[in-house]
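Here the protein sequences line up with chains C and X, keeping their order.
Under the numbering used here, the first residue of the first sequence carries the number 1, and numbering increases by one thereafter.
Under the numbering used here, the first residue of the second sequence carries the number 371, and numbering increases by one thereafter.
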Amino acid sequence: MTESPENPNPQNPNPNSPRTDASSLSAFGASRRNVLFGAAAGAAFLSGCTSNESNDGKDAEAGQANVADDKPGKRVTIGFAGPQADHGWLNAINEQAKERAKKYKDVTLEATEGSNDNAQQVGQIETLINKKVDVLVILPADGKALTQVGLKAMRAGIPVVNLDRVFASQQAYRCWIGGDNYGMGLNAGRYIGEKLKDKKNAKVVELAGIDNLELTRERTEGFDDALKNYPNIKKVARQAAEFTVESGQSKMAQLLRAEPKFDALWNHDDDQGVGAERAIKQAGRDDFLMVGGAGSKRVMEAIKADNSVIKATVLYPPTMAASAIDLARALGQSKGVGGLAEFEIPASITLYSAVVTRLNVDEYLPTGFK
Amino acid sequence: MSAPRRGVRHLSLVGVLVALVVVGAFTKPEQFLTSDNLQLILTQSSVIGVVTVGVTFVIIGGGIDLSVGAIVALASVWATTVATQEFGLGGMLLCALSVGLGCGLVNGVLIAYGPMVPFIATLAMLASARGLALLISDGKTQVVTVNSVLDLGVSDSYVLGIPPLVLVFAAVAVLGWLVLGRTTFGRRTVAVGGNAEASRLAGIAVRRQRLLLYLLSGLCCGIAAFMLIVLTGSGQNTNGNLYELDAIAAAIIGGTLLSGGRGTITGSVLGVLVFTTITNLFALNNLQTDVQQIAKGAIIVAAVLVQKGRKTS
Chain C
1 MTESPENPNP QNPNPNSPRT DASSLSAFGA SRRNVLFGAA AGAAFLSGCT SNESNDGKDA
61 EAGQANVADD KPGKRVTIGF AGPQADHGWL NAINEQAKER AKKYKDVTLE ATEGSNDNAQ
121 QVGQIETLIN KKVDVLVILP ADGKALTQVG LKAMRAGIPV VNLDRVFASQ QAYRCWIGGD
181 NYGMGLNAGR YIGEKLKDKK NAKVVELAGI DNLELTRERT EGFDDALKNY PNIKKVARQA
241 AEFTVESGQS KMAQLLRAEP KFDALWNHDD DQGVGAERAI KQAGRDDFLM VGGAGSKRVM
301 EAIKADNSVI KATVLYPPTM AASAIDLARA LGQSKGVGGL AEFEIPASIT LYSAVVTRLN
361 VDEYLPTGFK
Chain X
371 MSAPRRGVRH LSLVGVLVAL VVVGAFTKPE QFLTSDNLQL ILTQSSVIGV VTVGVTFVII
431 GGGIDLSVGA IVALASVWAT TVATQEFGLG GMLLCALSVG LGCGLVNGVL IAYGPMVPFI
491 ATLAMLASAR GLALLISDGK TQVVTVNSVL DLGVSDSYVL GIPPLVLVFA AVAVLGWLVL
551 GRTTFGRRTV AVGGNAEASR LAGIAVRRQR LLLYLLSGLC CGIAAFMLIV LTGSGQNTNG
611 NLYELDAIAA AIIGGTLLSG GRGTITGSVL GVLVFTTITN LFALNNLQTD VQQIAKGAII
671 VAAVLVQKGR KTS
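The following block contains the structure:
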């Protein structure tokens with residue numbers, strides 16, 4: 001260690017290392033980590049000496065012995081049950097899950113046909129339970145309505161990874177992974193807020209998703225909360241569409257007539273955004289900025305091209321399905337998650353609703369769904 | 371229905387429309403009574419309007435078509451899948467029309483020559499056409515890249531300030547009105563719907579008439595599907611959602627008897643306009659979805675009650 005963290009002075013006595021506070025701290029952090037890793041390696045060496053089992057040292061370096069990685073392990077059969085993939089995002093969820101399962105030689109995926117009918121999905125999950133799959137990944141059409149079958153699976157000794165729409169009881173799943181609807185609204189609101197903070201009497205319009213879904217209300221709540229930080233901005237209109245292109249076009253056309261002038265639009269869903277953008281083009285309007293939701297490939301490409309009203313989209317990444325398969329495999333092999341010190345996988349993981357703009361779009365383009 | 375009574379029925383619907391316009395002019399004076407907004411109301415009426423004309427014929431002929439929304443979805447998806455878009459505007463239009471006609475043919479054959487009642491046959495078509503649309507589209511939105519199609523939906527293509535979609539709706543409505551009121555086909559439709567057995571005894575080919583009615587409804591769905599492609603710039607398996615209910619509701623409000631034998635195209639068109647104007651009013655006044663649904667239900671009941679009151683008095 002060349003520097004002391006207690007003296008992070010930029011005017012360092014040593015003229016050869018003009019470091020800032022942050023870099024000196026991170027340098028300290030890195031060297032401390034090295035010390036820890038050294039200790040861990042030593043411990044591994046010791047345990048290697050005292051144990052008959054071989055230890056490859058890499059596991060020990062991470063601070064835990066049993067972390068899921070790409071190497072084939074115990075065979076795991078994962079049952080996957082989701083709703084009917086009748087639009088882009090859910091379709092991407094299915095694809096992500098299937099592709100990730102294919103990547104692992106030790107994973108067999110038993111996927112059911114998607115259904116939006118609660119009773120039918122319960123039946124499909126019960127079939128998977130009867131087949132005695134090792135782990136279940138469930139994206140319920142309705143989390144509350146499918147809680148009982150989640151409980152049943154857990155009681156049968158099959159751990160459940162609950163994907164996105166959450167069960168009503170924590171006893172019904174071992175691990176929940178999903179998106180952050182409130183955070184989506186919050187980040188959309190913050191982005192728009194920052195863009196308009198210097199504008200007097202700025203007006204914002206919201207094109208929401210299906211109003212009888214809880215997630216739509218959460219997205220709106222987050223959006224409203226973010227806008228509270230910007231007293232100069234007022235939300236002047238909100239209409240709910242139905243996550244379809246047709247409803248997006250029709251509701252947006254109405255909104256454009258209702259509000260002859262506004263500065264920003266947040267559209268909850270990029271798929272209905274196809275219709276919304278069409279209505280905007282048909283009305284010949286380009287006097288506002290538009291923020292999308294969910295993160296489709298088409299919208300990301302439009303953001304990159306920067307030749308339309310759409311300037312950003314707030315992610316609700318379908319990659320969570322691939323992560324759910326990772327978690328299910330780790331559960332089936334009784335392993336933890338790499339990069340974390342915990343011995344078990346977490347009880348819940350909430351994804352971050354990143355804002356994709358022209359500046360970072362290249363990074364996110366590969367995750368955009370069609 | 372005698373001509374004067376029909377006039378009264380239409381007059382009461384016009385009354386409802388006028389009342390809505392007054393409410394609109396009162397609550398949103400700057401936005402409601404503009405040519406832009408009038409264009410919007412007509413454009414938004416046009417797709418469901420064309421479907422409603424077809425459904426009206428079927429209902430007058432004593433049948434029912436629950437599959438219209440699903441046929442619109444299937445036709446729009448089929449006409450926008452990549453292979454079809456390669457053939458440009460003509461290819462897509464032809465595809466949409468033939469898918470509509472094909473589905474209508476299946477409905478018609480099952481109902482007219484098969485052992486099925488209209489409710490069951492078209493219910494089966496509803497399920498399978500939507501399923502097929504989902505299968506073909508793979509759950510994805512098929513974005514249209516053919517410029518000649520997209521151009522039809524933007525203001526440059528307006529004829530004397532009227533969007534082409536509205537012109538198509540007007541043409542279909544006028545043709546429907548002529549066919550129903552001025553041709554043998556129209557008279558046979560009313561006769562078959564009123565009393566099928568008597569029509570058969572009078573020498574009308576009842577089966578063929580029924581087949582033709584479902585073909586007509588399917589054709590209207592094909593036209594509507596292409597209009598929807600122009601309007602939204604895409605084909606999606608969720609297109610035409612609940613069209614069957616909206617079209618039937620508009621026809622009923624317009625005075626078509628659900629048991630068949632009576633109805634007018636003018637009434638159906640007015641019914642569609644009432645619905646779209648209500649939706650437009652709600653959006654302009656920024657009403658939330660729940661309030662919209664309740665108010666819409668109330669207005670449907672009110673509109674029918676007004677008509678009933680006029681009829682008996």
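Every residue, glycine too, gets a C-beta built ideally from N, C-alpha and C.
DSSP three-state assignment for residue i, whether helix, strand or coil
i	result
glutamate 61 of chain C	Confidence in glutamate 61 of chain C is poor, its pLDDT being 46 and thus under 50, which makes the residue's placement unreliable; the coordinate value appears in the next sentence. Three-state DSSP puts glutamate 61 of chain C in a helix.
methionine 486 of chain X	coil
leucine 675 of chain X	helix
asparagine 655 of chain X	coil
leucine 365 of chain C	helix
phenylalanine 288 of chain C	coil
asparagine 407 of chain X	helix
serine 437 of chain X	coil
phenylalanine 80 of chain C	strand
alanine 153 of chain C	helix
tryptophan 448 of chain X	helix
isoleucine 177 of chain C	strand
isoleucine 345 of chain C	coil
glycine 605 of chain X	strand
glutamine 512 of chain X	strand
glutamate 113 of chain C	coil
leucine 535 of chain X	helix
asparagine 307 of chain C	coil
isoleucine 574 of chain X	coil
asparagine 118 of chain C	helix
glycine 546 of chain X	helix
valine 133 of chain C	coil
serine 334 of chain C	coil
glycine 293 of chain C	strand
isoleucine 593 of chain X	helix
alanine 85 of chain C	coil
C-beta atoms of residue i and residue j nearer than 8 Å
i	j	result
asparagine 611 of chain X	threonine 397 of chain X	no
valine 513 of chain X	serine 604 of chain X	yes
alanine 294 of chain C	valine 137 of chain C	no
asparagine 66 of chain C	phenylalanine 243 of chain C	no
valine 355 of chain C	alanine 312 of chain C	yes
alanine 328 of chain C	threonine 659 of chain X	no
valine 447 of chain X	glutamine 606 of chain X	yes
leucine 640 of chain X	leucine 383 of chain X	yes
tyrosine 182 of chain C	glycine 150 of chain C	no
methionine 597 of chain X	valine 549 of chain X	no
valine 562 of chain X	glycine 432 of chain X	yes
phenylalanine 262 of chain C	lysine 203 of chain C	yes
glycine 523 of chain X	leucine 601 of chain X	yes
glutamate 259 of chain C	alanine 237 of chain C	yes
isoleucine 618 of chain X	valine 542 of chain X	no
glutamate 277 of chain C	asparagine 609 of chain X	no
valine 576 of chain X	serine 415 of chain X	no
alanine 499 of chain X	serine 437 of chain X	yes
Residue i: CB within 7 Å of a non-hydrogen atom of the ligand ZN
i	result
leucine 612 of chain X	Absence of the ligand ZN from the depicted structure is noted, as is the absence of any ligand whatsoever, leaving it without description.
Practice problem: Starting from the N-terminal side, write out each stretch of the beta strand (DSSP E) that is 3 residues or longer and does not extend beyond the region 197–254 of chain C. | Solution: 202–208 and 233–240
Quiz item: Looking at C-beta atoms only, is the number of pairs between the region 477–497 of chain X and the region 565–574 of chain X that lie closer than 8 Å three or more?
Solution: no
Self-check item: Near-chain X residues of the region 230–262 of chain C - C-beta to any C-beta below 9 Å
Solution: Val236, Ala237, Arg238, Gln239, Ala240, Glu242, Phe243, Thr244, Val245, Glu246, Ser247, Gly248, Gln249, Ser250, Lys251, Ala253, Gln254, Leu255, Leu256, Arg257, Ala258, Glu259 and Pro260
Quiz item: Given a limit of 9 Å on CB to CB distance, which residues of the region 627–654 of chain X reach chain C?
Solution: Thr649, Asn650, Phe652, Ala653 and Leu654
Quiz item: Just by C-beta distance, which residues in the region 271–285 of chain C are closer than 9 Å to chain X?
Solution: Asp271, Val274, Gly275, Glu277, Arg278, Ala279, Lys281, Gln282, Ala283 and Gly284
Quiz item: Would the region 420–436 of chain X and the region 629–639 of chain X be scored as touching if the rule is three or more Cβ pairs under 8 Å?
Solution: yes
Practice problem: Say whether the region 73–88 of chain C touches the region 132–151 of chain C, bearing in mind that this needs 3 or more beta-carbon pairs closer than 8 Å, one atom from each stretch. | Solution: yes
Practice problem: Identify each residue in the region 297–316 of chain C for which the Cβ-Cβ distance to at least one residue of chain X is less than 7 Å, and report them in chain order. | Solution: Arg298
Quiz item: Along the region 573–607 of chain X, what residues have a CB closer than 8 Å to any CB found in chain C?
Solution: Leu598, Leu601, Thr602, Gly603, Ser604, Gln606 and Asn607
Quiz item: Between the region 409–441 of chain X and chain C, which residues of the former have CB atoms less than 7 Å from a CB of the latter, in chain order?
Solution: Leu410 and Gln414
Quiz item: Residues in the region 496–523 of chain X with C-beta within 8 Å of chain C's C-beta atoms, listed in sequence order?
Solution: Leu504, Asp508, Gly509, Lys510, Thr511, Val513 and Gly523
Quiz item: If you measure beta-carbon to beta-carbon, which residues of the region 193–225 of chain C are closer than 8 Å to chain X?
Solution: Asp211 and Asn212
Self-check item: the region 214–229 of chain C touching the region 245–265 of chain C, judged by at least three CB pairs closer than 8 Å
Solution: no
Quiz item: Going along the region 180–191 of chain C in order, which residues come within less than 9 Å of chain X, judged by CB to CB distance?
Solution: none
Practice problem: Could you please tell me which residues of the region 376–404 of chain X, in chain order, have their CB closer than 7 Å to any CB of chain C? | Solution: Gln401
Quiz item: Are the region 345–363 of chain C and the region 114–130 of chain C touching, with three or more C-beta to C-beta distances below 8 Å?
Solution: no
Practice problem: Check whether the region 160–170 of chain C touches the region 185–192 of chain C, taking contact to mean three or more Cβ pairs, one atom from each stretch, closer than 8 Å. | Solution: no
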